[in-house]
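Shown next, in C-alpha cells, is the structure this report addresses.
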Amino acid sequence: MPYAPPPGPYGPVPVPQMYGPPRFHQGVHRLHPVTALLRAFVFLLIYFVLIGFSLLLTPQEDGYAFLEPAAVRRFALVSIPATVAAVTVGVWGWLGLRFWIAGDDLAVETGVLRKRRRFIPLSRMQAIDIVRPLMTRLTGLAELRVELAGGDGSGVVLRYLGRRSAQQLRAELLARAAGLPGHTPEAPERPFWRVPFGTLLLSLISRMPVIGTGMLLALLLMVGVAFVEPGVLGGAIPALLGLISAVVAPSIVYGRFAVATSPDGLRLRYGLLETRMQTVPPGRVQAVAIVEPLLWRQRRWARVDVTVAGYAGERQALSSVLLPVAPREVAVALVAHIFPGADVDAVPLVPASGRGLSLDRFAAAGTDGVVFVARRGLLCRRTTVIAHARAQSVRLTSGPLQRLLRLGTVHVDAPPGPVRVAATDRELSEARAIVESTAERTRLARSRTGADPARWAR
Amino acid sequence: MPAPAGDGAFAPPPGTAWNRVSPRMPWHWRLAVVLRGIPVAVVGGWWIHQGGGMAGLLVWVLALLVSCVLVWGVGELSYRSAGYLERADDLLVTGGVFVRRLVVVPYGRMQFVDVTAGLLERWMGIATVRLHTAAAATDARIPGLPAAEAAQLRDRLAHKGEARSMGL
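Chains as they are written, first to last, in my numbering: chain A, 1 to 458; chain B, 1001 to 1168.
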C-alpha cells in the first residue's frame, strides 16, 4: 500500500512487550483467583451500606449512639455469617467458570452443579476488548470481552483475568481466529496515531452546541448573581450537566487515545480512569463516517465514527469512535487502512439535485471500485464511507414529496450502528442507475474478496 | 398491467418483468383495514350521533365512504407497485404506495428468510416472505404471495443463500 503513517509529532506509542510463552491453547483455565475475593468484597460492601451500618447505631432519645457494646455484638452476630456467605458466593462463582480453547471455538462452562457450556466460534469474532475498570487497575486485573455479530448478549465476558493473561489470551484467540496455530506470537503492531490530551479537550470544547451551552450557562450565572435569583439554577444545572456529558465525560473516556495497526487488525487504547484496549480484526469494520463539525473545519480536524457488527446497544455507543479527533489527512489515511485501496478524497463526488427541498448544499455522493461515499451536513459535515464488499443491500426509496420533485434516495445498508450511508435527493433516473451500478460493484467486490473473510491470515 | 406513469425508476430491469403478487393481496389489505375500522366507525358514529344529531352522523358516514374509497385505491396501488425478481446473484423487491422502494439484496448477504401468514392471510391462502440481512434497514418484504409460491420462493432463496453465504 503506498501509504506511510503520518509523522507523529508526539513521539512513538510504546510497543508492548511479549507476554511469555503461550499457555491457553491447551488445558482448562479459570479466572484469576482474586476475582473470588473481589466479588466477596463487593457483596460485603453492599451488605454494609444497606444493613451493617444501621446495626451499629442504637436509637436514643437525642439521636443515635454509635458503637454501643450491644450494637457491636449484634453487628458481629450478623456480619460473620454474611462474610462467610459472601466468600462462599465468590469462591463458588470462581469455581463455576471454566474456559478453554477447543479447536476453532472458545468454550466457556459455567455452573458447579448444573453446568452450561457455550462454544464461541472464533471465526465469527467481531472484536476483542480488554477493559480495565478503575478498581481493577489497582489490583492488576483486566476484563476480556469477545464480541460476536448478533447483538446484545451474544458475546462473552471473562471477568477478571490477570492483566498479562488477558493480553496473552487475546493474542492466542486472534491467532486462532486468523487460522494460525495458537502458539503464534502476538502480531507486531505499528503505531498509527496518538491524540494529545490538549487537542482532545480543545476539540470537544470548540463545537457550536458546547459553546452555545457554555455561553447560556455563563449568562444564567451572571443574571443569578446580579439579581440574587436562585431560580436560574433551574436552567443552569441542566446546562452544566450537558457540558459535563459533552466535554468532561468524553475527555475521560477517550483520554490518551492511541491507534495502532497490526496484521490482526486495528488496536485502540484509550481511557483515563477505565482503560480499554480494543482489537478490531480486518474486515470487521462495516462502515465509517468522517465527521467535521463547523468549528473544526478551519483547523482541518475530523472525527472517525465506525460501525462494528459485534457492538450492540450501550456498547455500540461506547465503541463507535475510531479516532476522536485528528487532522483530516490522518482520518482519511485511517479509512484507507480499514478499506484497503480506498482513497476517500479521490472519489469524485456528484452534488445532489438542486431541486431538493433540503438546504444542505454539501450533499453529494460518489463511488469508485472499492467504496461508496455519501456526504451530507450543512453545519456538521459527515462523509460516510462503506466498502462495496461490506454492503448488505442497496435500496432506492422515494417519499411523496420526493416523487413530486422526481427525486429519490439511495441507501447502501450496513448493520445497525452510528453510520448510515445514504445519497439523498438524486434524480430518480440517476438514482436507479446508481442502484444498479452499486449492486454490480458489490457483486464484483464480493467475488474478489473471496467467500469468507473469517480467516484473514490464510 | 402497466406501471403507473412517472415511475420509470422502479421499472423492472430491461428485458424482464416483475413477478407479481397474488391478486388477493389488495383484498387482504382492504379487509384488514375494514375489520380494524369497524369498531372505530361504530363508536365514532354513536358518539357523534349523541353530540351532533343526524347531521353529524351524515358527515361521519360521508367521511367513512371517502376513507373506504381511499383504502380501495391504496390497496390497488400497493398491488400494482409490488413485485419481485430473482436475478443470478441478487433479489429485487419493489413496492410501496406513499414511499416507493426498490431493494437489491445479494443472496450471499441473506441471514434468514421467514414466511409469515396471519389468521386472515391463512384464510385467503396468501403469505408474506421477508428477507433478513445483518442490516436492520434492509426492508425486503414481499407481501401477499400465494402460500405455495411463498414456500417455494423461501426454499429457493434459502438454497441460493446457502450456496453463496459469506458471513459478515
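Beta carbons: idealized from backbone N, C-alpha and C, even for Gly. Because the structure is a prediction, the values reported are computed rather than measured.
Handout entry: Rounded straight-line distance, which links the Cα of A/Arg297 to that of A/Leu459
Key = Lying before the first or after the last residue shown, residue 459 of chain A is absent from chain A, which here runs from 1 to 458.
Exercise for the section: Please report the Cβ distance between B/Val967 and A/Ser447, rounded to the nearest whole angstrom; I am assuming they are in contact, meaning their Cβ atoms lie under 8 Å. Expected result: Since the first residue shown for chain B is 1001 and the last is 1168, residue 967 of chain B is missing from the structure and cannot be characterised.
Practice task
Can you tell me which of the three DSSP states B/Pro1146 falls into?
Solution key: strand
Exercise for the section: Give the single residue among B/Ala1127, B/Ala1151, B/Val1113 whose Cα lies nearest to the Cα of B/Ala1134. Expected result: B/Val1113
Practice task
Grab the span of the beta strand (DSSP E) containing B/Leu1045 for me, first residue to last.
Solution key: In the sequence as displayed, the identity of residue 1045 of chain B is Gly instead of Leu. First-last for B/Gly1045: 1024-1081, but that is the alpha helix (DSSP H), not the beta strand (DSSP E).
Problem - Min CB distance B/Ala1017 to chain A below 9 Å - result: no
Exercise for the section: Hey, could you find the ends of the alpha helix (DSSP H) A/Gly90 is sitting in? Expected result: 69-96
Problem - C-beta contact flag for B/Gly1051 and B/Val1059 at 9 Å - result: no
Problem - Alpha-carbon spacing of A/Leu240 relative to A/Leu233, whole angstroms - result: 10 Å
Problem - Limits of the beta strand (DSSP E) - the one that A/Ile244 falls within - result: Run containing A/Ile244: none; DSSP gives neither H nor E here.
Handout entry: Pairwise C-alpha distance: B/Val1099 and A/Ala431
Key = 15 Å
Exercise for the section: Put A/Arg269 into one of helix, strand or coil per three-state DSSP. Expected result: strand
Problem - Within chain A, the residues that B/Phe1098 reaches when beta carbons sit closer than 8 Å - result: Gly399, Pro400
Exercise for the section: Kindly indicate which residue of A/Phe339, A/Pro400, A/Gly369 has the alpha-carbon position closest to the one of A/Val285. Expected result: A/Phe339
Exercise for the section: Using a Cβ-Cβ cut-off of 9 Å, state whether A/Ala396 counts as contacting chain B. Expected result: The displayed chain sequence assigns Leu, not Ala, to residue 396 of chain A. Answer yes: the Cβ-Cβ gap between A/Leu396 and chain B drops below 9 Å somewhere.
Problem - Neighbour flag for A/Ala451 against chain B, beta carbons, 9 Å - result: Summary for A/Ala451: the model assigns pLDDT 45, below 50, so the residue's position carries little reliability; its value from the coordinates is reported in the next sentence. At least one chain B Cβ lies under 9 Å of A/Ala451.
Problem - the stretch 1102-1124 of chain B: positions lying closer than 7 Å to chain A by Cβ - result: Leu1102, Val1103, Val1104, Val1105, Pro1106, Gly1108, Arg1109
Exercise for the section: Note down, in chain order, each residue of its chain lying with its Cβ closer than 6 Å to the Cβ of A/Gly90, except the 5 sequence neighbours on either side. Expected result: Ala36, Arg39, Ala40
Practice task
Go to A/Leu37, then tell me how far its alpha helix (DSSP H) extends in each direction, as first and last residue.
Solution key: 34-47
Problem - Where A/His25 sits in the DSSP three-state scheme - result: coil
Practice task
From the DSSP output, in three-state form, read off A/Trp100 for me.
Solution key: strand
Problem - Closer than 9 Å to chain A by CB, B/Asp1090 - result: yes
Problem - Cut-off 8 Å between Cβ atoms - residues of its own chain near A/Leu475, not counting five sequence neighbours on either side - result: Residue coverage of chain A in this structure runs from 1 to 458, which leaves residue 475 of chain A outside it and unanswerable.
Handout entry: Buried or exposed (CB count within 10 angstroms, at least 16 for buried), A/Leu67
Key = exposed
Practice task
Note the first and the last residue of the continuous beta strand (DSSP E) segment covering B/His1132.
Solution key: 1126-1132
Exercise for the section: Pick out whichever of A/Leu428, A/Arg190, A/Thr409 has its Cα sitting closest to the Cα of A/Ala363. Expected result: A/Thr409
Problem - Closer than 9 Å at the beta carbon, the chain B residues around A/Val373 - result: Under the 9 Å cutoff, chain B gives no residues; its nearest Cβ is about 18 Å from A/Val373.
Handout entry: At least 3 beta-carbon pairs within less than 8 Å: the stretch 1014-1025 of chain B vs the stretch 1073-1085 of chain B
Key = yes
Handout entry: Same chain, Cβ closer than 6 Å to A/Ser206, five either side skipped, listed in chain order
Key = Leu295
Handout entry: Identity of the residues DSSP links to A/Gln278 by a beta bridge
Key = A/Asp129, A/Leu268
Exercise for the section: Report, in whole angstroms, the separation of the C-beta atoms of A/Thr279 and A/Arg176, which I expect to be a contact under 8 Å. Expected result: No, A/Thr279 and A/Arg176 are not in contact; Cβ-Cβ is about 13 Å, not under 8 Å.
Handout entry: Short CB-CB distance (under 9 Å) between A/Asp129 and chain B
Key = no
Handout entry: A/Ile120 versus A/Val131, A/Leu158, A/Trp92, A/Trp94, residue with shortest Cα-Cα distance
Key = A/Leu158
Exercise for the section: Taking A/Gly408 as the query, report the chain D residues whose CB atoms sit under 7 Å from its CB, ordered along the chain. Expected result: Here chain D cannot be found, since the structure's protein chains are A and B.
Handout entry: Sheet register partners of A/Gly366 (DSSP bridge)
Key = A/Val373
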